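Under this note's numbering, think of the first position of the sequence shown as 13, with each following residue one higher.
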Amino acid sequence: MSIREKQVPVITVDGPSGSGKGTICQLLARELGWELLDSGALYRLTALAARHHGVALEDVEALEVLAAHLDVQFRPADEGQEMQIVLEGEEVTHAIRNERVGEDASVIAALGPVRAALLNRQRDFARAPGLVADGRDMGTVVFPSAELKIYLDASAEERAQRRYKQLISKEPGASLDDILNDIKARDARDMNRVVAPLKPAPDAVRLDTTRMSIEAVLQAVLDEARHRGLR
13 MSIREKQVPV ITVDGPSGSG KGTICQLLAR ELGWELLDSG ALYRLTALAA
63 RHHGVALEDV EALEVLAAHL DVQFRPADEG QEMQIVLEGE EVTHAIRNER
113 VGEDASVIAA LGPVRAALLN RQRDFARAPG LVADGRDMGT VVFPSAELKI
163 YLDASAEERA QRRYKQLISK EPGASLDDIL NDIKARDARD MNRVVAPLKP
213 APDAVRLDTT RMSIEAVLQA VLDEARHRGL R
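Given below as structure tokens:
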């Protein structure tokens, strides 16, 4: 762990797809005035870059090179707006949220060499006054000494419903059954991969968000942060 990480407080928020990590992390970072790391975006960006450059998901060596040299910018947004993500000069904020890109990212995330290539890039996001890190192995691998580790979960059915509601206005043909099957398959890949499998850190605070509102989840995390002197 770098000197920077030791000096900067970190809150990690891990959990499966659709558990509410992204929304909570953005709200939490804004509330605290801290930096935000969307680690999933880095894997999605690698997947999108692979498509742009015609790199097959089986070509681990080429994917490792892409991950190590991603030309990425995260542009802060005004309040009420979302952060802009730029890949190789192209604004791809919405493009990386495509379901197929997400599926490719889940495959890529299981590759050890790719994860290693992105590890230091993720740790470089730890900047004053603090960092909120959103992902699947933030508390177990990337920031194991984080001051607060949160693990969010929800039933696969609830997570599928959330994703369906997000997609239906943009993709009228979206199928709830297909989304549920994709989520279950992604969970299986993430939880059973050899390198950095998805699991709660031993010292993580676990929250089941199935029947919780966004406001209730945020308040629970803020209460934990306050308890640790991070507010």
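Glycine included, C-beta positions come from ideal geometry on N, C-alpha and C.
Note that the structure is predicted; figures quoted are calculated from it, not measured.
For Ile36 and Asn132, what's the separation of their Cα atoms in angstroms? 24 Å
Looking at the unbroken beta strand (DSSP E) that takes in Val244, where does it start and where does it end? There is no way to answer for residue 244, as the model of the chain reaches only from 13 to 243.
Selection from Ser181, Asp83 and Ala168 that minimises the alpha carbon distance to Pro28: Ala168
Proximal residues to Gln85 (C-beta, below 6 Å), its chain only, five neighbours per side dropped: Val98
Presumed contact (8 Å Cβ cut-off) between Tyr163 and Ala121, rounded CB distance: Wrong, their Cβ atoms sit about 17 Å apart, outside the cutoff.
Between the CA atoms of Asp146 and Gly34 - distance to the nearest angstrom: 7 Å
Please state whether DSSP places Arg112 in a helix, a strand or coil. helix
Classification of Ala62 by the beta-carbon crowding that lies within 10 angstroms, buried from 16 upward: buried
Would the C-beta of Glu70 count as close to the ligand MG, meaning under 7 Å from any of its heavy atoms? Summarising the ligand content, the structure contains no ligands, and the ligand MG is consequently not present.
Can you tell me whether Leu82 is helix, strand or coil according to DSSP? coil
For the 8 Å Cβ check, are there 3 or more pairs between the region 39 to 58 and the region 141 to 160? Proximity of the region 39 to 58 to the region 141 to 160 meets the contact definition, three or more beta-carbon pairs being nearer than 8 Å.
To the nearest angstrom, how far is it from the Cα of Ser5 to the Cα of Gln231? Only positions 13 to 243 of the chain appear in this structure, which leaves residue 5 out of reach.
Considering only C-alpha positions, which residue in the set Asn110, Met150 and Pro212 is nearest to Ala186? Asn110
Using 10 angstroms around the beta-carbon of Asp26, count the other beta-carbons present and answer buried if the total reaches 16, otherwise exposed. buried
Just how far apart, CA to CA, sit Thr222 and Ser31? 8 Å
With DSSP collapsed to three states, give me the class of Lys211. coil
I'd like to know whether the C-beta atoms of Ala140 and Val20 end up nearer to each other than 8 Å. yes
So which of Ala197, Glu183, Lys161 and Val67 has the shortest CA-CA distance to His239? Lys161
Going by C-alpha to C-alpha distance, which of Val67, Glu115, Leu69 and Asp220 sits closest to Asp202? Glu115
Would you identify the three-state DSSP class for Ile36, choosing helix, strand or coil? Looking at Ile36 - three-state DSSP - the assignment turns out to be helix.
Assigned secondary structure, Ile180 (DSSP; H/G/I helix, E/B strand, else coil): coil
Residue from Asp194, Thr58, Ile23 and His64 with nearest C-alpha to Leu44: Ile23
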